[in-house]
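All the letters of the sequence shown, read from the start, carry residue numbers 10 to 409 under my numbering.
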Amino acid sequence: MDPAEIERLRAWRDATPGTRAVTHLNSAGASLMPQPVIEAMETQLHHEVQMGGYEAEAAAAAEIATTYATLGELVGAEARNIALAPSSSQAFLNAIASVDWSPGDVLLTSRLDYTSQQILYLSLALRLGVRIVTAPDLPEGGVDPQGVIDLLDDERPRLVAMSWVPTHAGTIQDLPAVGRACRNAGVPFLVDACQAVGQFPVDVADLHCDYLSSTGRKWLRGPRGIGFLYVADAALARGDAPLHVDMRGATWSTPNAMTLAPDARRFEEWEHSWLNVLGLGAAARYAIDVGLDVARDRARGFARDLRSWATETEGLRPADRGGDLSAIVTLEVLGREAAPIVMQLREQGINTSATLQWFGLADLGPRGIESAIRVSPHYFNTADEISRFKAAVESMVVPR
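Written out as structure tokens, the structure is:
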């Protein structure tokens with residue numbers, strides 16, 4: 010590395026207390042928070058203790074407004090297009106709940122959608138009679154945009170909902186192409202960007218999406234228990250709103266009428282953890298300042314190295330498919346369960362996670378993958394940490 014890069018890395022790690030305790034290769038689960046995020050949350054907690062919750066919220070009004078604007082900047086939108094949510098899953102559900110589903114309506118999705126969403130789709134099918142249609146994959150992996158175009162013609166779905174990057178594998182699906190097809194067909198498009206935001210640059214204009222949901226705790230390096238939803242102006246103009254609107258999303262204008270909030274906040278609920286909101290805003294600002302292209306290039310460089318190593322290491326097999334791969338690395342341990350290995354790594358201060366078949370049943374099941382180690386390095390990791398992980402895994406899986 011050149012001196013400037015070395016200095017940047019030192020600054021990132023100095024600002025991240027967790028790097029002094031663990032080798033953290035689990036940013037796809039929950040990443041390590043940097044100091045500005047910690048300080049924003051600690052300050053708000055202190056104010057809540059000293060002033061009271063409502064009063065501390067009022068005192069932080071300017072910082073809260075800045076959070077909306079910063080989240081908009083992060084994804085190429087305006088503050089009016091951002092709604093807060095307690096999680097990415099809830100944000101995603103709020104978008105799903107904007108559709109007045111009827112029996113026989115079609116929701117079009119992909120094989121790689123997140124487990125919780127697949128379960129949500131099954132609930133819609135069982136309770137409301139919604140038909141769930143799955144688009145075909147490309148031979149190399151990831152959704153086939155032409156297959157989506159064909160299904161848009163044949164099925165006329167009420168909504169297309171897909172994960173940009175699945176949680177169980179490193180595939181980056183070609184959702185910009187899917188979004189263009191949806192826009193041309195006049196079908197609303199919902200993107201789960203939970204594993205994208207903070208990992209690489211995101212621009213909702215490139216995705217042509219009506220909705221985009223994400224979280225704070227993963228690649229964005231914010232706190233757990235907070236997420237957000239982007240809502241396009243077109244969706245607001247249509248009058249889209251979730252079924253469970255409360256006094257945050259609307260006012261009770263007459264005894265028999267309500268008036269929706271004019272912006273994306275109609276998708277919010279009254280109660281927020283303002284500690285987490287301000288932590289999320291600080292995380293978004295930190296990510297922008299680091300540079301999403303910088304984060305992408307460093308993390309993917311580590312991921313490429315790990316896949317190459319796994320290909321050459323006896324007892325391991327990289328399980329990621331697709332023409333465009335993210336910094337999520339899925340390593341199948343041949344003949345072994347992944348969970349015990351993940352626990353042994355954690356005992357050595359190395360954080361990864363275990364992917365089980367049911368986390369991506371439609372993808373991993375047909376390939377016969379029962380479990381795998383999910384490794385997700387970020388820009389603040391070092392080459393030495395990657396080497397430490399490799400050595401630890403080799404000591405467990407390589408026959409002696």
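Don't be surprised by glycine CBs; every beta carbon is placed ideally from N, CA and C.
Tell me the DSSP secondary structure of residue 283 in three-state form. Within the sequence shown, numbered from 1, the residue matching residue 283 stands at position 274. In the structure shown, the three-state DSSP call for residue 283 is helix.
Return the chain-ordered list of same chain residues with a C-beta closer than 6 angstroms to the C-beta of residue 138, the five sequence neighbours on each side being excluded. One-based indexing of the sequence shown puts residue 138 at position 129. For residue 138, the CB contacts under 6 angstroms within the same chain, skipping 5 residues up- and downstream, are 112 in chain order.
Leaving out the 5 sequence neighbours to the left and right, which residues in its chain are closer than 6 angstroms to residue 186 when beta-carbon positions are compared? The residue you call residue 186 lines up with position 177 of the sequence shown. Around residue 186: 154.
Between which two residues does the alpha helix (DSSP H) holding residue 188 run? Within the sequence shown, the letter at position 179 stands for residue 188. It spans 184 to 194 - the alpha helix (DSSP H) in which residue 188 sits, taken as one unbroken run.
With a cut-off of 8 angstroms, do at least 3 Cβ pairs link the segment 154 to 173 to the segment 102 to 117? Taking a cut-off of 8 angstroms for Cβ pairs, the segment 154 to 173 and the segment 102 to 117 touch, as three or more such pairs fall below it.
Report the residue from 401, 192, 253 whose alpha carbon sits nearest the alpha carbon of residue 106. Position 97 of the sequence shown, counting from 1, holds the residue named residue 106. When the alpha-carbon of residue 106 is set against those of 401, 192, 253, the nearest one is in 253.
Are the CB atoms of residue 104 and residue 222 within a distance shorter than 8 angstroms? By one-based count along the sequence shown, residue 222 stands at place 213. By one-based count along the sequence shown, residue 104 stands at place 95. Cβ distance < 8 angstroms, so residue 222 and residue 104 count as in contact.
Helix, strand or coil at residue 389 according to DSSP, with G and I counted as helix: Within the sequence shown, residue 389 is the residue found at index 380, counting from 1. Collapsing the DSSP output to three states places residue 389 in coil.
Where residue 377 and residue 330 are concerned, what is the direct C-alpha to C-alpha distance, given to the nearest angstrom? Counting from 1 along the sequence shown, the entry for residue 377 is found at position 368. Counting from 1 along the sequence shown, the entry for residue 330 is found at position 321. For residue 377 and residue 330, the gap between their C-alpha atoms comes out near 14 angstroms.
Have a look at residue 17 and residue 219 and give me their C-alpha separation to the nearest angstrom. Residue mapping note: residue 17 aligns to position 8 of the sequence shown, counting from 1. Residue mapping note: residue 219 aligns to position 210 of the sequence shown, counting from 1. One C-alpha to the other measures close to 36 angstroms.
Can you tell which of 211, 374, 327 has its C-alpha closest to the C-alpha of residue 179? As a working mapping, residue 179 is identified with position 170 in the sequence shown. Nearest C-alpha to residue 179: 327.
Closest residue to residue 347 among 10, 320, 316, 384 (Cα-Cα distance): One-based indexing of the sequence shown puts residue 347 at position 338. With distances taken between CA atoms, residue 347 lies nearest to 384 out of 10, 320, 316, 384.
Compute the Euclidean distance between the alpha carbons of residue 284 and residue 322, then round it to the nearest angstrom. By 1-based counting over the sequence shown, the position of residue 284 is 275. By 1-based counting over the sequence shown, the position of residue 322 is 313. Roughly 45 angstroms separates the two Cα atoms.
C-alpha gap between residue 226 and residue 176, whole angstroms: For the purposes of this step, residue 226 is identified with residue 217 of the sequence shown, where counting begins at 1. For the purposes of this step, residue 176 is identified with residue 167 of the sequence shown, where counting begins at 1. Straight-line measurement puts the Cα of residue 176 at about 14 angstroms from the Cα of residue 226.
Quick one: complete beta strand (DSSP E) runs, 3+ long, within the segment 325 to 354? Within the segment 325 to 354, the complete beta strand (DSSP E) segments at least 3 residues long are 325 to 327, 338 to 342, listed from N- to C-terminus.
If you draw a straight line from the C-alpha of residue 368 to the C-alpha of residue 375, how long is it? Taking the sequence shown and counting its residues from 1, one reaches residue 368 at position 359. Taking the sequence shown and counting its residues from 1, one reaches residue 375 at position 366. Residue 368 and residue 375: Cα-Cα distance of roughly 13 angstroms.
Take residue 303 and list the residues in its own chain whose beta-carbon comes closer than 7 angstroms to its own, dropping the five residues that flank it on each side. By one-based count along the sequence shown, residue 303 stands at place 294. Around residue 303, the same chain offers 388 as residues with beta carbons nearer than 7 angstroms, after the five sequence neighbours per side are excluded.
Looking at residue 24: is its Cβ nearer than 8 angstroms to the Cβ of residue 291? Taking the first residue of the sequence shown as position 1, residue 24 is located at position 15. Taking the first residue of the sequence shown as position 1, residue 291 is located at position 282. A distance of 8 angstroms or more separates the beta carbons of residue 24 and residue 291.
By alpha-carbon positions, which one of 269, 247, 311, 352 ends up nearest to residue 335? Here residue 335 is taken as the residue at index 326 of the sequence shown, counted from 1. Comparing Cα-Cα distances from residue 335 to each of 269, 247, 311, 352, the minimum goes to 311.
Compute the distance between the beta-carbons of residue 238 and residue 273, then report whether it is under 8 angstroms. Here residue 238 corresponds to residue number 229 of the sequence shown, with the count starting at 1. Here residue 273 corresponds to residue number 264 of the sequence shown, with the count starting at 1. Cβ atoms of residue 238 and residue 273: closer than 8 angstroms.
Give a yes or no on whether 8 angstroms exceeds the smallest Cβ distance from residue 234 to chain D. Checking the listed chains, one finds no chain D in this structure; it contains a single protein chain.
Hey, which unbroken runs of the beta strand (DSSP E) at 3 residues or more fall wholly within the segment 211 to 282? Within the segment 211 to 282, the complete beta strand (DSSP E) runs of at least 3 residues are 220 to 224, 236 to 240, 259 to 263, 266 to 269.
Tell me where the beta strand (DSSP E) around residue 172 begins and ends. Taking the first residue of the sequence shown as 1, we reach residue 172 at position 163. Its beta strand (DSSP E) spans residues 168 to 172.
Use the C-beta contact count for residue 393: other C-beta atoms within 10 angstroms, 16 or more gives buried, fewer gives exposed. For the purposes of this step, residue 393 is identified with residue 384 of the sequence shown, where counting begins at 1. Around the beta carbon of residue 393, a 10 Å sphere encloses fewer than 16 other beta carbons of the protein chains shown; the residue is thus reported as exposed.
Can you give, in chain order, each stretch of the beta strand (DSSP E) that sits fully within the segment 106 to 149 and has at least 3 residues? List check, beta strand (DSSP E) in window: 115 to 118, 140 to 143.
Thinking C-alpha only, which one of 148, 142, 151, 181 is nearest residue 163? The residue you call residue 163 lines up with position 154 of the sequence shown. Comparing Cα positions, the closest option is 142.
My output table needs one value for residue 202: the three-state DSSP class, helix, strand or coil. As a working mapping, residue 202 is identified with position 193 in the sequence shown. DSSP places residue 202 in coil when its eight states are reduced to three.
Relative to the alpha-carbon of residue 362, which residue among 371, 351, 242 has its alpha-carbon at the smallest distance? As a working note, residue 362 is residue 353 in the sequence shown. With distances taken between Cα atoms, residue 362 lies closest to 351.
Alpha carbon of residue 20 to alpha carbon of residue 230, nearest angstrom: If you number the sequence shown from 1, residue 20 lands on position 11. If you number the sequence shown from 1, residue 230 lands on position 221. Our two residues, residue 20 and residue 230, have alpha carbons roughly 15 angstroms apart in a direct line.
Under 8 angstroms between the Cβ atoms of residue 232 and residue 308? Counted from its first residue, the sequence shown places residue 232 at position 223. Counted from its first residue, the sequence shown places residue 308 at position 299. The answer is no: Cβ separation not under 8 angstroms.
Whole angstroms are fine: how far does the CA of residue 407 sit from the CA of residue 81? In the sequence shown, counting from the first residue as 1, residue 81 sits at position 72. In the sequence shown, counting from the first residue as 1, residue 407 sits at position 398. So the alpha carbons of these two residues sit roughly 47 angstroms apart.
Return the first residue and the last residue of the alpha helix (DSSP H) that residue 317 is part of. Locating residue 317 in the sequence shown gives position 308, where the first residue counts as 1. First-last of the alpha helix (DSSP H) with residue 317: 301 to 321.
Looking at the secondary structure, which residues open and close the alpha helix (DSSP H) in which residue 17 lies? Sequence index remark: in the sequence shown, residue 17 carries index 8 (1-based). Per DSSP, residue 17 is one residue of the alpha helix (DSSP H) stretching across 12 to 23.
C-alpha gap between residue 320 and residue 340, whole angstroms: Looking up residue 320 in the sequence shown gives position 311. Looking up residue 340 in the sequence shown gives position 331. Distance between residue 320 and residue 340, taken at the CA atoms: about 10 angstroms.
Expressed to the nearest angstrom, what Euclidean distance is found between the alpha-carbon atoms of residue 206 and residue 57? As a position in the sequence shown, residue 206 is number 197, starting the count at 1. As a position in the sequence shown, residue 57 is number 48, starting the count at 1. Those two C-alpha atoms are separated by around 29 angstroms.
Nearest-angstrom beta carbon gap, residue 288 and residue 275 [assumed within contact, 8 angstroms]: Here residue 275 is taken as the residue at index 266 of the sequence shown, counted from 1. Here residue 288 is taken as the residue at index 279 of the sequence shown, counted from 1. In this structure residue 275 does not touch residue 288 by the C-beta definition: roughly 24 angstroms separates them, more than the 8 angstroms allowed.
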